[in-house]
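Here the structure is laid out as structure tokens; the discussion comes afterwards.
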Amino acid sequence: MSALYLAVFLLSAATLIFEIALTRVFSVAQWYHFAFMTVSLALLGFGASGTILALFPQVLKRDLSRLLATICLLFSVSVVGSFLASNHVPFDSYRIAYERRQMVYLAVYYLSLAVPFFFTGLAVGFLLAVRPERAGRTYFANLMGSGVGCVAALVLLSIVGGEGTILVASLLGAVAALGPAFRRSWVPFGLALTLALSLGVCVFHTAPVFEIRMSPYKALSSVLRFPDARIAHRDWNAFSRVDVVESDTIRSAPGLSYTHTEALPSQKGIYTDGENVSPLTAASPGTDLSFLDFLLVSLPYELVAEPYVLILEPGAGQDVMVAVFHGASEVVAVESNPLVIEVARDRYGDFAGNLYSLDKVTVVAEEGRSYVHRSGERFDLIQISLADSFRPIGSGAYSLSENYLYTTEAFLDYLSHLKPGGVLVVHRWLQTPPSESVRVLTLAVSALERMGVENPARHIVALRSLYTALFLVRGEEFTSEEIETIKEFAQERRFDLTYYPGINPDETNRYSILEEPYYYMVYRDALESQDRRAFYATYPFDVTPPSDDRPFFFHFFRWQQTPDILRGLGRTWQPFGGSGYFVLLALFLLALSASSILILLPLGFLRGKGEVREGKRLFLYFLLLGIGYLFVEIPLLQRFIQFLGHPVYAFATVLFGLLTFSGLGSLLSPRLPLVPVMGGLVAAIACYPILLPQLFGWLLGGGLVFRLLASVAMLAPLGFLMGFAFPEGIRLTGRIAPGLVPWAWGVNGCASVLSSILAVMIAISYGFSAVLFIGGAAYALALTAIHGVTTKARVTHAAGAA
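Under numbering that gives the first Met the number 0, the residue at position 193 of the sequence shown is numbered 192, and the numbers go up by one with no gaps.
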């Protein structure tokens with residue numbers, strides 16, 4: 000049996016490598032918020048496998064080794080096949096609200112990628128059904144392999160990239176087949192070996208057919224349509240793909256005054272995951288850099304002489320260049336992506352005037368929030384750079400993505416790290432109607448109020464260029480002399496004032512003229528309203544300040560918008576009303592349809608066999624386990640992004656911690672009574688929303704390796720307790736209704752599919768703590784459901800022993 004468990008271990012590792020690689024593929028091909036779909040895909044495949052085993056119980060009588068080898072080979076082939084199929088499906092998320100065939104494309108996209116997970120679920124479910132008394136060992140091999148796969152995926156992404164990592168997952172599936180194949184005959188062994196060797200060659204010599212096809216709406220897709228555009232350099236790490244594009248058409252200077260009429264210096268574009276272009280500006284000796292004095296972000300240097308500056312997410316360094324140009328005494332540039340630093344400082348350092356190697360510039364490869372939190376220094380200026388691409392409020396492309404740079408707690412951190420008279424500088428894109436810019440204001444107000452400021456409006460100044468908005472926020476009020484300096488700066492460069500304490504409406508809307516001074520009117524209402532809750536309730540978009548518990552800065556959707564969205568379908572260039580929710584809702588409906596069929600279909604075949612009568616409590620138990628596990632896992636995946644600095648680190652670490660220690664729990668599950676363990680689990684889940692913010696605050700100052708280890712330690716107790724319920728439930732089912740074991744596996748998987756999507760929907764509206772509490776409630780109800788079953792199982796087991 001050891002060879003079979005080793006095969007399950009390797010197959011599970013391959014599956015998690017594939018799953019994590021898909022998060023990166025989705026981020027590059029579509030948008031980051033599609034990454035959570037991988038969890039749903041995996042669970043749908045597992046659920047479907049349980050249904051097949053329940054419908055065709057004769058499969059359980061097949062030769063164990065031969066069948067497991069075949070499943071591993073099918074997994075290996077399906078990984079490549081499903082990736083190629085999904086890569087060529089013309090799915091367009093922007094059209095899904097009004098073009099029916101996009102739902103078909105989404106279904107093909109979704110279901111084809113679930114196939115490899117189906118085969119993994121088939122292998123695990125097969126062993127569980129054949130040997131339910133050894134469920135702990137099977138579950139242990141499955142979860143431990145999954146945990147190892149999480150770590151391996153991070154390493155592989157940096158070495159062979161996204162496409163190569165998917166091929167490695169396929170290769171490992173073929174290797175998993177070697178053990179059980181060797182036990183039976185040379186034919187399956189030879190097939191597995193040939194497939195493994197072929198895939199091994201492909202990993203390092205990836206054919207063009209494997210290259211990720213990118214959404215045509217992405218910035219990189221757009222720029223590559225120019226005849227002279229070419230990708231000069233490409234590299235991967237664990238959490239991004241970076242492309243350097245050369246083209247004479249690349250000229251990027253957000254917030255540039257139109258009074259500057261000279262040509263900009265030559266630039267290269269650095270694109271991260273096909274988006275968020277960061278301009279790398281030529282700065283060799285003799286280059287005219289006068290445009291830097293005409294940027295909106297140069298205003299703070301008129302207020303503070305020779306400042307000590309902290310710039311968060313500077314990308315290739317244009318804002319750093321502005322700081323140096325205006326005489327900053329020292330600049331600390333904190334960039335979360337080391338690949339961007341490598342490109343700007345090492346590969347193209349001479350082109351950029353060795354900006355990141357200047358004595359007065361310190362470059363730190365770290366997540367900005369983490370750096371600020373652990374820093375003991377105070378700064379004259381803290382600037383959050385405009386690091387992302389322009390996105391209209393209509394796109395909704397990032398509305399489901401979390402961002403911990405823009406939360407109330409983050410703004411409190413920034414303001415508390417300013418010197419007396421220091422200024423927080425926030426540069427954002429403008430949308431019509433105003434959305435992002437209004438949310439920046441509500442964040443600033445929320446943070447200032449928590450600092451004890453009685454009149455936050457007197458601590459905020461706002462200006463706009465044609466396309467961007469600049470916000471200055473400080474703990475002290477702006478002086479009359481500073482206000483005059485700001486007004487002179489705006490007049491000389493033709494920037495529009497949108498708010499300062501005591502502003503006259505006639506001073507607004509002078510240069511980039513709108514029909515009405517909309518931005519001033521909205522900002523005034525947001526800052527000066529006596530009933531801020533009423534303002535939030537009546538504004539067309541959701542502009543309430545995000546928190547660390549609900550960090551969705553780009554989510555503005557309200558259900559009340561739906562009629563307006565539907566009326567505009569087909570008549571606007573981007574049909575969404577700030578809502579990635581439509582794609583999320585479509586996925587939920589698709590998953591609900593598939594899961595309902597997979598759960599209910601076996602009942603018709605099992606009815607009359609005497610086991611369905613025993614299935615009601617078991618159905619409820621495994622359904623609640625599926626809900627509980629995912630309602631705990633999903634919010635933890637999101638919350639640990641704040642602590643670890645990037646979604647892929649959080650994804651891999653949380654899955655490793657939960658799955659590995661759940662595996663240990665499953666191995667020990669026969670030795671400990673289920674009821675006290677589940678009671679302890681419910682209590683632990685209730686404590687985590689309270690404890691995690693405190694622990695993050697204490698530990699966030701450590702380095703990345705320390706935080707990774709601390710994360711595993713924080714997750715270990717919860718994962719260990721979560722590992723008991725499922726294998727114990729399988730053992731109980733095997734004693735009183737053995738024919739229901741595959742169905743129980745399927746019910747658990749299908750419930751998990753729906754939960755993975757529903758948890759995100761609830762988190763966006765009510766926060767991660769609410770999702771965790773629901774997860775705890777699900778486990779409590781599962782404990783109630785299983786109580787009667789445990790008594791009957793003991794009686795049945797005792798009778799059998801007698």
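By construction, the Cβ of each residue, glycine as well, lies at the ideal position given by its N, Cα and C atoms.
This structure is a prediction, so every number in the text was calculated from the model and none was measured.
Distance CB(residue i)-CB(residue j) smaller than 9 Å
{"i": "L67", "j": "A151", "result": "no"}
{"i": "F587", "j": "I756", "result": "yes"}
{"i": "L3", "j": "S64", "result": "yes"}
{"i": "L279", "j": "Y216", "result": "no"}
{"i": "L447", "j": "D495", "result": "no"}
{"i": "F660", "j": "G722", "result": "yes"}
{"i": "A784", "j": "R616", "result": "yes"}
{"i": "G49", "j": "P672", "result": "no"}
{"i": "S384", "j": "L311", "result": "yes"}
{"i": "R449", "j": "L404", "result": "no"}
{"i": "I459", "j": "L302", "result": "no"}
{"i": "L166", "j": "V159", "result": "yes"}
{"i": "V444", "j": "P433", "result": "no"}
{"i": "V243", "j": "L291", "result": "no"}
{"i": "R706", "j": "S214", "result": "no"}
{"i": "S356", "j": "H325", "result": "no"}
Distance cut-off 8 Å: residue i Cβ against heavy atoms of the ligand SAH
{"i": "L127", "result": "Ligands in the displayed structure: none, and consequently the ligand SAH is not present."}
Own chain, CB closer than 6 Å to residue i, minus 5 neighbours either side, in chain order
{"i": "L782", "result": "M677"}
{"i": "A327", "result": "P306 and V308"}
{"i": "S169", "result": "S75, V78, V79 and L198"}
{"i": "A14", "result": "It is Thr, not Ala, that sits at residue 14 in the sequence shown. Same-chain partners within the cutoff: T119."}
{"i": "V129", "result": "L59"}
{"i": "P646", "result": "I640"}
{"i": "I482", "result": "Y499"}
{"i": "A176", "result": "A68, C71, L72 and A191"}
{"i": "S145", "result": "S11, L15 and L658"}
Reference residue i; option with closest CA among the options
{"i": "V362", "options": "D349, V331, D541 and S369", "result": "V331"}
{"i": "L694", "options": "G679, V521 and V711", "result": "V711"}
{"i": "N86", "options": "V103, A176, S111 and R100", "result": "S111"}
{"i": "Q317", "options": "P284, T22, E341 and S277", "result": "S277"}
{"i": "R212", "options": "E475, L83 and L156", "result": "L83"}
{"i": "Y628", "options": "L654, A649, F618 and Y648", "result": "L654"}
{"i": "Y108", "options": "F116, P89 and F117", "result": "P89"}
{"i": "F8", "options": "C149, A28 and F477", "result": "C149"}
{"i": "W428", "options": "V752, S388, N402 and V422", "result": "S388"}
Other residues of its chain near residue i: CB distance less than 7 Å, five sequence neighbours each side excluded
{"i": "P716", "result": "A683"}
{"i": "P726", "result": "A134, G135, Y138, S665 and S668"}
Local Cβ density within 10 Å of residue i, reported as buried at 16 or more and exposed below that
{"i": "N236", "result": "buried"}
{"i": "G451", "result": "exposed"}
{"i": "Y620", "result": "buried"}
{"i": "E435", "result": "buried"}
{"i": "L583", "result": "buried"}
{"i": "P688", "result": "buried"}
{"i": "S1", "result": "exposed"}
{"i": "G577", "result": "Because the pLDDT at G577 is just 48, under 50, the model does not fix this residue reliably, and the value given afterwards should be weighed accordingly. So G577 ends up on the buried side."}
{"i": "N141", "result": "buried"}
{"i": "I392", "result": "Because I392 sits at a pLDDT of 43, beneath the cut-off of 50, its placement in the model cannot be relied upon, and the following sentence gives the value as read from the coordinates. Classification of I392: buried, given that the 10 Å Cβ count is 16 or more."}
{"i": "W744", "result": "buried"}
{"i": "C686", "result": "exposed"}
{"i": "D379", "result": "buried"}
{"i": "D62", "result": "exposed"}
{"i": "G846", "result": "Since the first residue shown for the chain is 0 and the last is 801, residue 846 is missing from the structure and cannot be characterised."}
{"i": "I596", "result": "exposed"}
{"i": "T537", "result": "exposed"}
{"i": "A533", "result": "exposed"}
{"i": "N336", "result": "buried"}
{"i": "A262", "result": "exposed"}
{"i": "Y413", "result": "buried"}
{"i": "G748", "result": "buried"}
Residues of its chain near residue i, where Cβ-Cβ distance is below 8 Å and the 5 sequence neighbours each way are ignored
{"i": "S246", "result": "V222, F225, D227, A228, R229 and G268"}
Please go through the segment 495-522 and give each complete beta strand (DSSP E) segment of 3 or more residues, from N-terminal end onward. Those beta strand (DSSP E) runs which fall completely within the segment 495-522 and span 3+ residues are 495-498.
At 4 residues or longer, and completely inside the segment 695-730: list those alpha helix (DSSP H) runs for me, N to C. As far as the segment 695-730 is concerned, its whole alpha helix (DSSP H) runs of at least 4 residues are 703-721.
3-residue-minimum beta strand (DSSP E) runs that sit fully inside the segment 442-469, ordered along the chain: Under the rule that a run must span 3 or more residues, the beta strand (DSSP E) segments found entirely inside the segment 442-469 read 459-463.
At which residue ranges does the segment 201-272 contain complete beta strand (DSSP E) runs of 3 or more residues, listed in the order of the chain? Within the segment 201-272, complete beta strand (DSSP E) segments of at least 3 residues are found at 229-236, 239-245 and 266-271, given in chain order.
Contiguous alpha helix (DSSP H) assignments of at least 4 residues, all confined to the segment 99-143: Contiguous alpha helix (DSSP H) elements confined to the segment 99-143 occur at 100-129, taking only those with 4 or more residues.
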